[in-house]
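Peer 1:
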Ligand code: BTN
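Residue numbers (full-length UniProt numbering): 79 to 320.
#1: Can you list the beta strand (DSSP E) stretches of 3 or more residues lying completely in the segment 213-257, in chain order?
#2: Are residue 295 and residue 264 closer than 9 Å when you measure CB to CB?
#3: Where DSSP assigns a beta bridge to residue 198, which residues make up the other side?
#4: Distance, Cα to Cα, residue 230 vs residue 224?
#5: Does residue 198 pass the burial test, meaning 16 or more other C-beta atoms within 10 Å, or should it be called exposed?
#6: Thinking C-beta only, is residue 300 closer than 9 Å to residue 153?
#7: Tell me whether residue 209 sits in a helix, a strand or coil according to DSSP, three-state version.
#8: What three-state label does DSSP hand residue 100 in the structure shown?
#9: Kindly confirm or deny that the segment 97-115 and the segment 145-165 touch, where touching means at least three C-beta pairs closer than 8 Å.
#10: Counting along the chain, where does the alpha helix (DSSP H) carrying residue 180 start and finish?
#11: Taking 8 Å as the line, does the beta carbon of residue 207 fall inside it for any heavy atom of the ligand BTN?
#12: Counting only the same chain and skipping the five closest in sequence on each side, list residues whose C-beta sits under 6 Å from that of residue 314.
#13: The ligand GTP and residue 305: does the residue's C-beta get closer than 8 Å to at least one heavy atom of that ligand?
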């Protein structure tokens with residue numbers, strides 16, 4: 079396993095992909111103290127101020143079908159939620175599929191990118207950003223983002239959060255590779271999921287519809303009841319929910 083720590087990098091996900099393309103690593107972990115072009119989902123940028131958060135990417139080469147690799151995102155989200163709860167006692171909610179929220183504001187985001195060929199995976203990069211010691215966020219983030227320090231009123235040790243996250247991730251990842259679904263953790267995931275029993279606006283290809291969250295399934299989809307009273311399962315990637 080390769081572990082690389084950078085003072086500054088554009089994006090740990092981008093760096094991880096470069097290292098894979100050069101064949102400079104197999105599996106491992108890329109950590110940066112600062113990112114100058116941190117990436118969020120849907121082409122957004124991710125503010126990654128020096129030393130204030132955990133900016134890291136796991137590089138994995140799992141022998142699994144590309145169709146189930148998206149479940150790794152949920153595993154990473156739950157591992158981070160458990161690490162934050164263990165280390166701070168704060169109550170963390172998971173906004174499906176993988177945003178972590180505290181008091182309704184986002185504290186952690188995950189960006190999974192993979193390289194696939196036909197039916198197999200070359201590699202998966204699971205990028206994780208945790209807001210740890212920021213004392214404020216500039217507009218427009220102020221209304222929607224928070225940090226562990228803001229919520230707790232004290233500094234939080236980033237190394238402790240990261241190592242606890244890695245321990246949880248390893249345990250869950252090994253179980254997942256045996257079972258190939260999320261059944262072993264889905265009850266806990268659902269107990270932390272803020273979308274269960276919630277009225278949702280689901281945005282799919284620009285069209286918005288309303289539904290009620292029911293639960294997240296063993297395959298990582300969100301089961302909802304639509305306005306006609308029918309259940310359907312939606313998958314991340316296709317949709318955005320508010
Ligand atoms: C989101 O939009 O919620 C996902 C944010 C992911 C941010 C992390 S920080 C480390 C890794 N490198 C990146 O460029 N992005 C991810």
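Every residue, glycine too, gets a C-beta built ideally from N, C-alpha and C. Since the structure is predicted, the reported quantities are computational estimates derived from the model, not experimental observations.
Peer 2: Reading it off the structure:
#1: none
#2: The residue labelled residue 295 in the question sits at position 217 within the chain shown. The residue labelled residue 264 in the question sits at position 186 within the chain shown. Taking 9 Å as the Cβ cut-off, residue 295 and residue 264 qualify as a contacting pair.
#3: As a first step, residue 198 is located in the chain shown; it is residue number 120 there, counting from the start. Looking at the DSSP assignment, residue 198 forms a beta bridge with 195.
#4: In the chain shown, the residue the question calls residue 230 occupies position 152. In the chain shown, the residue the question calls residue 224 occupies position 146. One C-alpha to the other measures close to 11 Å.
#5: The sequence position of residue 198 within the chain shown is 120, counting from 1. Its Cβ having fewer than 16 others within 10 Å, residue 198 is exposed.
#6: Counting from 1 along the chain shown, the entry for residue 153 is found at position 75. Counting from 1 along the chain shown, the entry for residue 300 is found at position 222. No, Cβ-Cβ distance for residue 153 and residue 300 is not below 9 Å.
#7: Here residue 209 corresponds to residue number 131 of the chain shown, with the count starting at 1. Residue 209: strand per DSSP, three-state reduction.
#8: Within the chain shown, residue 100 is the residue found at index 22, counting from 1. Note: residue 100 maps to coil in three-state DSSP.
#9: no
#10: Here residue 180 refers to the residue found at position 102 of the chain shown. Per DSSP, residue 180 lies in no alpha helix (DSSP H); the unbroken beta strand (DSSP E) holding it starts and ends at 177-180.
#11: Translated into the one-based positions of the chain shown, residue 207 becomes position 129. Flag set: Cβ of residue 207 near the ligand BTN.
#12: By one-based count along the chain shown, residue 314 stands at place 236. Hits under 6 Å: 175.
#13: Within the structure as shown, the ligand GTP is missing, the only ligands being the ligand BTN.
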